[in-house]
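The structure under discussion appears below in the form of structure tokens.
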Amino acid sequence: MASTTSTTAPGAEGVLQFQPLQSTVDSTFWMELANNKLEKYRLSEEPCTLQGYYTPARSSAVSAPLQLTSTSLALDGDAPSAAPGGPQPYIAWGSLYNVNTLDRFKSFDRERIMAKASEEIWCDIRSGAACANPALLNRFVVYTFADLKRYSFYYWFAFPALVPPAPMRAAQIGSLDAALGADLAAAVVQASESWRGACTDATPAPAWLVWLPGTNRSSEITASPLTDWAALQERDGEVILAFCDPCNLPSNPGWPLRNLLLLAAAQWGSRAVRVVCAREKAGRLDPTFSLMVDAVLPEVPAAWPAAADHPPSQEVEDPAAVPAMAVPKTLGWEVNARGRMGPRCVDLGPTMDPTQLATQAVDLNLKLMRWRVLPELNTEMLAATKCLLLGSGTLGCAVARTLQGWGFRHITMVDNGKVSYSNPVRQSLFEFEDCKNGGRPKAEAAAERLKAIFPGVKAAGEQLHIPMPGHNVSPQEEGAVMRDVARLEELVLEHDAVFMLMDTRESRWLPTVLCAHHEKIGINCALGFDGYVVMRHGHGLSKSTDDVAEGVGEASCSSAPRLGCYFCNDVVAPIDSTRDRTLDQQCTVTRPGLAPIAGALAVELLVTLLHHPQGDKAAADTASSEASPESPLGLVPHQIRGSIAHLNQLLIHGPAFKQCTACSPQVVQEWRTDSQRLVMRACNEPKYLEDLTGLTAMHTEVDSAMEAWGDEDENSDEDDF
Amino acid sequence: METDGTLLGPSTFEECCALFAEAWENTNAGDGSVWSWLTPSRRNGEEHLAAGFLVLERFPIFSSQTDGANRDESLSWEREQEGLLEEYPPLSSRTLQEDSAVDALAASAHDPQRSLKFLDLHIVYSPSYRVPVLYLRCYRSDGKELSWDDFDGILPSKQEKKSQTLETFMSQEEHPHLRRPWFAIHPCQTAELLCLMHQQAEGNFTNNAQELLSTSCPQSSYISSHKTAVGNRRSTLLRYMLGWFSVVGAAVGVKLPLEVFRQI
Ligand SMILES: [Zn+2]
């Protein structure tokens, strides 16, 4: 394997080594190909004409590639269209073979298209067409498969180079001014530039001749087309071959010289030729960067190649398919990004897929918040935190939207209602259409809308009825109710944070028990007419320690007392609050600005809590902790009570109540012992929870417990739904 | 002169761009890459934009083989697919022969071309800040654009892990002319960037360039105070552009050679 880059390698003494062309495809080309595939080619696999662009090497660090852009496909054999910006590039003509499936791509007969291109090149050399138009020597082929579902493109380029009867050799290689002297080199460059400047063709010829006057140096150095070769031989002087060289290396010419030298050997019978490899600096041909190669060429007889040299793949049964003349062997398949022989693959999803574009933009937005304001912000953690929203009404919609704003990616909406005509004006995830025909299930409609707003979210909707204490369950209903209980428990287990956003007080009971049992973060949010309460539940009761046995009103493992839940300040068990109300009273009667405020606060509370080093075991911050909050995002209070009428907001905290009907060890222990018995008795026996927790028997303790809520104001207009 | 202290009007911006592009090309600052002025047809509602913007396309940059982007790339889905396709169909004898052709330069393991990426830089006029804004995108030779995370190990300010890194200044914004999301060095941070430059001056600039730029802080009102002669105007505008670009350009790894400051 000739993995060497040096001309001094054993066995390769003096062999002229060419740097292969390298393809560069602009993303606009792939977008254009995708459009054409959808609107023009459809299922056709007919080849189409391409124009590729290349320039002389302009940077000493990197060779000039063959470039495809959106304009490469804009024609089909017509005049070349506008090329990309900068000085006019050279054009190479290509054939694009786009296939319809990956399997077709894998089994594509690439040797056939290579053979076809090399035959065309060889015919053009032998016929003299390539002499008149040297761009024909730079034909290329590419075959592609556009996976438009994945926005991925597979492709393989070949830059066909006909293999001469024997390797070409270099007697000498060096920079142009070293070989000719500065003055002569400058004159050669000058002549080449003015010849190119005078060229009016849309596609400048990538190869030309430079004539140096002989012994009598009175004549001027001139540049002229390849077709002048024979005429120039008659004059006293030297004819030098020049070409646009995309290669940047100091001792190798670029790929386009291969076919050009073969033309010189085959058509002009040259056995030795001097070549200028024209390269640019600062927009002009540069005599120091450009090379001079003294090439030694093999003999190419008129009858070469013999039919025996024919590549086997072209020996087909059908004699008509055999080309009119034998064609030399060809090489030129491009290596892939790993440097091996094989096709390339590019995934343009991040550039072309609108969903991925939206995801990146949302991520970046949050990262900017981190970089500019909050270095501690852990956006990855928020994206990974799974949120369960119990209730998909005004609060559920407000919470979900704010979660999306923070970059939460897992949101499950739960509700058992349907969208009604009064909902959309207050519930930001619904529209009029959702209300028709009896209304769509709210949870499902809300989840769908979350995905419509941002397709990067993993949103699900679940229609579920949550059993409530005091709402009687008949023996016939028991099975169905327990299935709902089991499903709710599964949902709680699958998520990290549970938002309780329902419109009845007692529907929050079971989720509160489940959060305490499974140690999930519980966030509760309730609205009055013009007041709200947003609170986090104290952390759950660990199954591994003896929290339950000890009774955890006091500190267990940390110095901070466990905080209370939504029911901790109740001295009565939750009962059916809807029973004695008219339908109107069951509807949410709140000031419309309240739900967005409270919903947003609930999410902000969760985000701040998640950044607290102690998480949901964090002690309750009060207004006095303002100076040095432990969470980088600010205070983590236990409860926020606010009034829109008084435009005030209070931070309140209270420990877990030992006789709480939802989060106390007695209730959690009973759940762990027999969850069905607990739920059924709570639903059917009004006094059961009070008996279980000792409320009934320990009425006197209630007063002292209430005193613990010392700083709580008499916010009696706060109501629950 | 339609400048207001350090702020540019749209037509002065165009003038600045022409001077900058000329100085760049005269000194081959881009090693062959040159700026061109693009004038897209203006749509309704774009009257406040400058008539065009300055474009440097396909500016080659190299990333080291050990950086994060390349590590990720070798594990990417794309490279995996390519690995699968190399084995299917089995290489023909011709391809094997091609692989060992004596006269084709084989890609070497340390081929710099392999870790080559390209930058497109656009200098766009910001009507709200009345300053030039640098927009950029970076892509591989197969056309794939680099995401924010891929910039790791490519752009110098992310490599150096300075306290004030590029991400402080760079964001994704809609390109005002192309109406697509591009990365941009946000103009509101230009002053901070200049301060950062002065801190890092030893690393990036010689004292000479520093001196040439010493009067070019955009916070000073030197533009309006140099209104006198035509020659002064030219050097004032050029100094402004070079001062600005020496900061934002360095942030994305495009440094100005010293000679370019002699064009002032
Ligand atoms: Zn409780």
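Protein chains in written order, with the UniProt record's numbering: chain A, 1 to 721; chain B, 1 to 264.
Backbone N, C-alpha and C define an ideal beta-carbon position, used for all residues, glycine too.
Note that the C-beta distance between Pro305 of chain A and Val275 of chain A is not below 9 Å.
In the DSSP assignment, Ile173 of chain A forms a beta bridge with A:Val293. For Leu105 of chain B, the residues of chain A that pass the 7 Å Cβ criterion are Thr5, Gln17, Phe18, Gln19, Pro20 and Asn252, in the order they occur in the chain. Shortest gap from the CB of His537 of chain A to any heavy atom of ligand 1: under 8 Å.
In this structure the region 398 to 410 of chain A lies against the region 593 to 607 of chain A, because at least three pairs of beta carbons, one per stretch, are closer than 8 Å. One Cα belongs to Val163 of chain A, the other to Lys329 of chain A, and the distance between them is close to 5 Å. With a threshold of 9 Å between beta carbons, Leu238 of chain B makes no contact with chain A. By the Cβ-count criterion, Tyr90 of chain A is buried, with 16 or more other Cβ atoms from all chains shown falling within 10 Å of its own Cβ.
Bounds of the alpha helix (DSSP H) holding Ile453 of chain A are Lys442 to Ile453. The DSSP-derived three-state label of Arg508 of chain A is helix. Within the region 596 to 622 of chain A, no residue has its Cβ closer than 9 Å to any Cβ of chain B. Within chain B, no C-beta atom comes less than 8 Å from the C-beta of Asn259 of chain A; the nearest is roughly 13 Å away.
Checking the 8 Å criterion, the Cβ of Cys397 of chain A is out of range of every heavy atom belonging to ligand 1.
Contact between Thr55 of chain A and Pro246 of chain A is confirmed by a C-beta separation of about 7 Å, below the 8 Å threshold. Straight-line measurement puts the Cα of Leu33 of chain A at about 10 Å from the Cα of Glu39 of chain A. Taking non-hydrogen atoms of ligand 1 into account, the C-beta of Tyr129 of chain B is found less than 8 Å away from none of them. In this model, Arg104 of chain A and Ala115 of chain A are separated by some 19 Å (Cα to Cα).
CA-CA distance, Thr379 of chain A to Lys367 of chain A, rounds to 7 Å. Between ligand 1 and Ser664 of chain A, a heavy atom-to-CB distance of less than 8 Å is present. With respect to the C-alpha of Met369 of chain A, the residue from B:Asn44, B:Phe169 and B:Glu25 having the closest C-alpha is B:Phe169. The beta carbon of Asp496 of chain A sits closer than 6 Å to the beta carbons of Thr385 and Lys386 from its chain, once the five residues preceding and following it are set aside; these are given in chain order. For Ala51 of chain B, no chain A residue has a Cβ inside 9 Å of its Cβ, as the nearest lies near 16 Å away. For the pair Ser219 of chain A and Trp195 of chain A, the CB atoms are not nearer than the 9 Å cut-off. Look at Glu376 of chain A here: in three-state DSSP terms it is coil, with no helix or strand label.
Distance from the CA of Phe243 of chain A to the CA of Ala231 of chain A, rounded to the nearest whole angstrom, comes to 19 Å. Taking C-beta separations shorter than 7 Å and ignoring five residues to either side along the sequence, the partners of Gly249 of chain B in its chain run Lys255 and Leu256, following chain order. Here the alpha carbons of Trp211 of chain A and Asn248 of chain A stand approximately 25 Å from one another. Between Pro127 of chain B and the set B:Leu85, B:Arg239, B:His177 and B:Asp120, the nearest pair of CA atoms involves B:His177.
For Ala92 of chain A, the uninterrupted beta strand (DSSP E) segment begins and ends at Tyr90 to Val99. At least one beta carbon of chain A lies nearer than 9 Å to the beta carbon of Lys144 of chain B. Contact between the region 443 to 460 of chain A and the region 411 to 419 of chain A is present, with at least three C-beta pairs closer than 8 Å.
Apart from the 5 residues on each side of it in sequence, Leu8 of chain B sits with its Cβ closer than 6 Å to the Cβ of Arg130 in its chain, given in chain order.
Residues of chain A with a Cβ closer than 8 Å to the Cβ of Pro60 of chain B are, in chain order, Ser59, Ala61 and Val62. Close to chain B, meaning a Cβ-Cβ distance shorter than 8 Å, are the following residues of the region 331 to 359 of chain A: Leu331, Gly332, Trp333, Val335, Asn336, Ala337, Arg338, Gly339, Arg340, Met341, Gly342, Pro343, Arg344, Cys345, Val346, Asp347, Leu348, Pro350, Thr351 and Leu357.
Separation of Arg536 of chain A and Leu609 of chain A (C-alpha to C-alpha, rounded to the nearest whole angstrom) is 9 Å.
As the crow flies, the alpha-carbon of Lys458 of chain A is around 31 Å from that of Arg591 of chain A.
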